[in-house]
Each structure stands twice: as structure tokens, then as C-alpha cells.
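As C-alpha cells, the structure follows; a few thoughts come after it.
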Amino acid sequence: MDKQEMTTHILIADDHHVVRGGLVAYLSAESDFTVIGEIA
Numbered sequence: 195m196d197k198q199e200m201t202t203h204i205l206i207a208d209d210h211h212v213v214r215g216g217l218v219a220y221l222s223a224e225s226d227f228t229v230i231g232e233i234a
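What follows is the structure in C-alpha cells.
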């Protein structure tokens, strides 16, 4: 498996921008996750 197949793609959905921002920052720092978008 290459790197692309081992990465989990995540869409963040929450109505609080602070929570979304925190989750995006945390998950973006992890190499196994790619945040593909966020929505309120």
C-alpha cells in the first residue's frame, strides 16, 4: 500500500468554529489523517 491508501480522509462538521478549528489543527498534525473540508 502506498501513502495515499493509508491516509484517512476526514470532513469536519460542527456548528462551533472554535471546535472545528481545534479539530482541524489537531488532525492536520497527524500524518495518518487528511482533513478534506469543514462545514458548519
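So the sequence shown is numbered by our numbering: it starts at 195 and just counts up by one. The beta-carbon is built from N, C-alpha and C at its ideal position, and this holds for glycine as well.
Query raised in the report: Below 9 Å between beta carbons: does that hold for Leu221 and Ile233?
Result: A distance of 9 Å or more separates the beta carbons of Leu221 and Ile233.
Query raised in the report: Taking C-beta to C-beta, are Phe227 and His203 nearer than 9 Å?
Result: It is a contact, given that the beta carbons lie within the stated cut-off.
Query raised in the report: Between Val218 and Val229, is the Cβ-Cβ spacing less than 9 Å?
Result: Yes, Cβ-Cβ distance for Val218 and Val229 is below 9 Å.
**Report entry** Gly215 to Met200 span [Cα, whole Å]
**Finding:** Between Gly215 and Met200, the C-alpha separation is close to 24 Å.
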